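Colleague:
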Amino acid sequence: MPLLPPLLIPLLPLLLMPLLLMPLLMPPALALPHQDLFPYGPARADLLLQEGDDETSPVVQLRAPLPFYEAQFGSLYVGTNGIISTQDFPRETQYVDDDFPTDFPAIAPFLSDIDTSNGRGKVYYREDDSEEVLSQAARYVHMGFPSTAAGFTPTRAFVATWEDVGAYEEVTRDQPPSSQLNTFQAVLAYDESDAYALFLYPASGLQFFGTRPKESYNVHLELPARVGFSRGEVDHLKREGPHFSVTSTEQSVKNLYQMSNLGLPGVWAFHIGSSSQLENVVPATSEGSSPVPPGRSPVSTSLEHRRPEDNLDYAETFYDEDGDAIDYPPAGSLEPELDGHGPTGPPPPSDGNPRSESNGQELRPSGPPLPQPGSPGTASLLPLSPRLEDGPPERGAVFTYSASGRETCERNHGQCSQYAFCTDYATGFCCHCQSKYYGDGKHCLPEGMPHRVNGKVSGQLGVGQASVAFDDVDLHAYIVGNDGRAYTAISHIPEPAAPALLPLVPIGGLFGWLFALEKPGYQNGFRIAGAEFTHEMEVSFHPGEEQVHITQTAEGLDPENYLTVRTMIRGRVPAVPENSTLHMGPYEELYRYHSSGVTSTASREYTLVSGGVERTLSYRVRQNFTYLACGPAGPSRAVPASQQLRVDRVFALYSAGERVLRFAVTSHVGPIEDADALTVNPCSDGTHTCHGSARCLAGAAGPAYTCECTAGFQGDGRHCEDVDECATGSHHCGPNSHCINSPGSYRCLCHGGSQLAPDGRTCVLVSPPSDPCEDGSHNCGPPDRARCVSHGGGSFSCECLPGYVSDGPDCADVDECAEGRCHHAAACHNSPGSFTCHCQAGYRGDGFQCVPGKPSGLGALVPSARPPRCRSRCDQLGEFRPLQCHGNSDHCWCVGRDGRELEGTRSRPGVPPPCKYSFPLGHAASLKNSLHQPLPAAKKKAVESEYFSSWLFWTSQGSIVVGIDYDCRDRTVYWTDVAGRLISRTSLEPGSEPETIINSGLMSPEGLTIDYFRRIMFWTDSGLDKIESAKLDGSERRVLFDTDLVNPRAITVDPIRGNLYWTDWNREAPKIEVSSVDGTGRRILVNKDIGLPNALTYDPFSKLICWADAGTKRLECTLPDGTGRRVVQNNLNYPFSIVSYANHFYHTDWRR
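According to mature numbering (1 follows the signal peptide of the UniProt record, and there is no 0), the sequence shown holds residues -31 to -1, 1 to 1121 in order.
1) Looking only at its chain, what residues have a beta carbon closer than 6 Å to the beta carbon of VAL931, apart from the 5 residues adjacent to it on each side?
2) If you draw a straight line from the alpha carbon of THR254 to that of CYS757, how long is it in whole angstroms?
3) Going by DSSP, name the residue or residues bridged to ILE985.
4) Straight-line CA distance for LYS425 to ILE1025?
5) Give the single residue among GLN516, THR377, ASP693, LEU473 whose Cα lies nearest to the Cα of PHE632.
6) May I ask you to report which of helix, strand or coil DSSP gives THR1012?
7) Span of the alpha helix (DSSP H) holding LEU993?
8) What are the uninterrupted segments assigned as alpha helix (DSSP H) that are 4 or more residues long and contained completely in the stretch 95 to 127, given in chain order?
9) Tell me the residue span of the beta strand (DSSP E) that contains GLY554.
10) Give me whichever residues DSSP pairs with TRP944 in a beta bridge.
11) So, helix, strand or coil for THR62, using DSSP?
12) Does the stretch 1056 to 1068 touch the stretch 1003 to 1022, meaning 3 or more C-beta pairs lie closer than 8 Å?
13) I'd like the span of the alpha helix (DSSP H) that includes GLN220, first residue to last.
14) Is the beta carbon of CYS742 within less than 7 Å of some heavy atom of the ligand SAH?
15) May I have the straight-line CA-CA distance separating ASP980 from GLU958, to the nearest angstrom?
16) Under the rule that 16 or more other beta-carbon atoms within 10 Å means buried, what is PRO837, buried or exposed?
17) The beta strand (DSSP E) with ALA164 in it runs from where to where?
18) List the DSSP bridge partners of SER662.
19) Can you check whether the CB of GLY811 is closer than 8 Å to the CB of PRO821?
20) What residue range does the beta strand (DSSP E) around LEU1084 cover?
21) Using DSSP with H/G/I as helix, E/B as strand and the rest coil, what is PHE73?
22) What residues are listed by DSSP as bridge partners for LEU718?
23) I need the DSSP call for GLN4, collapsed to helix, strand or coil.
24) Going by C-alpha distance, which of ASN50, ALA571, LEU586 is nearest VAL578?
25) Given PHE178, which residues of its chain have a CB within under 7 Å of its CB, disregarding the five upstream and five downstream residues?
26) Using the beta-carbon count (16 or more within 10 Å), is LYS1000 buried or exposed?
27) So ARG687 and THR658 are supposed to be a Cβ contact under 8 Å. How far apart are they, rounded?
28) To the nearest angstrom, how far is the alpha carbon of SER26 from that of VAL47?
29) Which residues in the same chain as CYS681 place their Cβ atom closer than 6 Å to its Cβ, once the five residues preceding and following it in sequence are excluded?
30) Assuming LEU385 is part of the alpha helix (DSSP H), what are its boundary residues?
31) Could you give the residue range of the beta strand (DSSP E) that holds THR585?
32) Check whether the stretch 382 to 394 touches the stretch 609 to 616, taking contact to mean three or more Cβ pairs, one atom from each stretch, closer than 8 Å.
33) Using a Cβ-Cβ cutoff of less than 7 Å, which residues in the same chain neighbour TYR674 once the five nearest sequence positions on both sides are dropped?
34) Rounded to whole angstroms, what is the Cα-Cα separation between PHE79 and PHE153?
35) Closest Cβ-Cβ distance between PRO11 and chain D: below 8 Å?
36) Can you name the start and end residues of the alpha helix (DSSP H) that ASP740 belongs to?
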């Protein structure tokens, strides 16, 4: 029971008095009833928006202008997608899937991809000046803005209602439309100087909370609805205007009908326009005389709205501890207050909310439910968090609480199981398992499924005169969930301890209690305690009075949903003779349930048979379970104070040859009763014939029952088959992960560079370790002698610069003159890190090669300005490396694109010159204007900068270029033209003209890539669903692939390794494939978590294959074998084509 601070004990009678009075002051209430919406429909002469997916109303000319932000607007438009604007909408693809701000004025009560086609809902709207509507709007405004809007009297209102509208869905023949429909309303009330917006969300009005983007519908990525306001672009410079967001996550959308900013769940008010200064939308604050929950402070309005993450967080709920809505008394009611905090009353009786039937787990509970009127107990003024105190083993744990801030689902939803939902209560939040799952909400398992346990067992035991110690031996358990059988095996416990543990059936009996069959109204241990608890046993043997203490700690579920349990055994046990067998009959145990603990005390008899001799012995076992219960859910989470566990079959065996100790029990939990006097249902005793992956559902009376396949399986219950969630797309694995199916479930596996978040399905990027070479924490020598080489993962090595050699931790100068580096007819001069060679008098040359003759006019001690010509080296792209060096001499110079040395670039040995890098058009995206029209003809233009040179190439009028690539050997550009159905090329040499090389057999040529090494080009044709190749002049054309292709798009090649990569953005099954350039070895590289992979590039420097996805909006990379997948950027708009070069990505975007 919560402990009241000593200083508050004298105030106890005063504290309890308002608790007794509170039910009289707080009539029960529900969320906003549907009939409390503003009146709408044909009877109010509403206009009806045409049904469809992306419809816009005709312009509504307002009788009086509407103030919005700082401006006045005389017209409005209503859109299907839960939005109102002062101007006509652009195409929905330009705003419906994007965050605020929009680039046009927007008032959005529920912005998402809504579709009213085929009668799925109606959208009504009208302008109204009736007294009924204006008075109702004024009341809400006065309630939310009692100080600033006390004199506000609206003269006009605009009412828009979305009634039973559905989310956009891609139609399939075998799947009916979703039955989830939403109803919500927006009311704009205004006069000549101020405007207020009211958003209303009735009870059961929000059944879906977001929609899937059309362009990546098959990815199962759902975007939460956006609620808020945007001013749009404010001037001709298209500068971003102010905006205000109410929602940002799915949980915040769910809160719309449960919460409020003016004290009435489901009703929200905002000041959206004023003739005076209004920098941004101002939300209602429920200040002053407006209804405020007792004991709660008004929501602050000191907000910065410049950034979305700074928007208002409506974390305060308006629900009692049972999850029921509360009507708070009007201002002026006589409620005692203490120390600035209003009193907290007891919850009203439960209304049978179905969520109250599930078990839950709160990570930071706020204390147990307050006592009912007339019951003994104390109350605390503040939300509380738990602290465990020690107590006698038979009493269970006692929890006390200390003050802490109230936690909400908004901040903690990720701490629930992926098979649970989160519910906010007045004092905190709780997690509840979904239908067909059970547990405490933090951990949920499918009902009726087999479960597995892994663990370790350690101990220090006295057995007779022997002392035995063992550490971390293996424990494994298997539970048949639909008939209550639990099998436990412990291996490699040394003798004589192993046989001596035979009588300790409760070691395996833990899993019998945890996963026992449940009679109606009763709960097994996992439903109550979940997967994190402590089980303590004290066993006293008779007649020897040996005692042993056993602690079993459940440490949660692993990624495979296996329970992890650690067991410690200490004490003395009686010796058991070798080759003994143990018999133990059925037994019952009585369990008593406390706030966060369970206790049990029982006696057990057992018979040992050895060599034909039987001995009957006994022991007394006291058990104590402690766990963290969820206080905020209140009495609805209560279990019967006493439950009886009946163990019908018991088995214990030790196999000396295998060194394995085994236990098996069959258990069910129910009321305290005489089991022999009752008819037992087959679901209770395990004699049913349901499939092993089905749950047994007892009938109303007698032996009748039905079978139902558990979650993750399908069938009639007598026979169940696994559902492959990964193949059907019903999984919830997030970005950066891929789905791996398992019987009855699946798991999400993160790609390289990321790890699984607490929700079990989202992967988050892991910060890479620091680079000592970057941050200077390495211990290499001075930078003029040594350099640090990073190897990733925080490791590094030190390398001496040319001209130096390792000398312990430092680098010492190499005396090249002593090594005879110069010509025998040259003089050598050593210097730190370098040396010079000068031909002697009577010789000429560069000092490395000297021949008889007259020295150059530069003097005998100056080396030749140009050593003998050598062949310039190329990089992996076929380009000449801009920096060239002469052998190992450290004499370096720069070359141009043609490989010729650039005058004046030669530097002294050991100091390489700064050379310009060429930036070719290899793999570059096609260039089009914002309307996707071809650009007019223009001359090629070179643009030079200090380190880069590039060319901007435009095609002739009438072409629509999609794919483009560059042959670095011949300096020639190749491109595809989907309008002309051509593939063409042109040289970058002055005076070159375009040349068509393929003009037949093409329908929609798109992606194009050049293998400069083999002198072959490859292209995709999305009209013919082919991938073809040809020589660079168009000859030797052949089809590589014309099967298993739906919409081949991008293509790229790795010339060095001879691999060809391409994308296919088939909306049903998008993929990236790879093969050899000759068409052999075709396989799928990536087919998970992609939507519209438009762009593809191979980066020869990092050896990564990278793609840009217009569906997922991400840029991702993976190794050529498909491993090491990682997200590079996740906020793209609509990428079309991409190139990687010199550690950078460049991409085109259709929408920017």
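All residues carry an ideal CB built from backbone N, CA and C; glycine is no exception.
These numbers were taken from a predicted model, which means no experiment stands behind them.
Modeller: Working from what's here:
1) SER895, THR945, VAL947, GLU975
2) 58 Å
3) ASP980, LYS1000
4) 51 Å
5) LEU473
6) coil
7) Taken as a continuous stretch (DSSP letters only), LEU993 belongs to no alpha helix (DSSP H), as it is neither H nor E.
8) 100 to 113
9) No beta strand (DSSP E) contains GLY554, which DSSP labels as neither H nor E.
10) ILE933, SER953
11) helix
12) yes
13) 219 to 227
14) Here there are no bound small molecules, and the ligand SAH is not part of this structure.
15) 20 Å
16) Its pLDDT being 35, under 50, PRO837 is placed unreliably by the model, and nothing is read from it.
17) 163 to 169
18) None; SER662 has no bridge partner.
19) yes
20) 1083 to 1087
21) coil
22) HIS707
23) helix
24) LEU586
25) PRO193, ALA194, GLU219, VAL222, LYS223
26) exposed
27) 7 Å
28) 5 Å
29) With the sequence shown as reference, residue 681 is identified as Gly, and Cys is not the correct amino acid for it. If we look at GLY681 and ignore the five residues flanking it on each side, its Cβ neighbours are PRO415, VAL692, GLY713, SER714.
30) One detail in the question is off: residue 385 reads as Cys in this sequence, not Leu. Premise fails: CYS385 is in no alpha helix (DSSP H) and is neither H nor E.
31) 582 to 596
32) no
33) ASN650, PRO651, CYS652, HIS657, CYS665, LEU666, ALA667, GLY668
34) 8 Å
35) Absent from the structure: chain D. Only one protein chain is present.
36) No alpha helix (DSSP H) holds ASP740; DSSP gives it neither H nor E.
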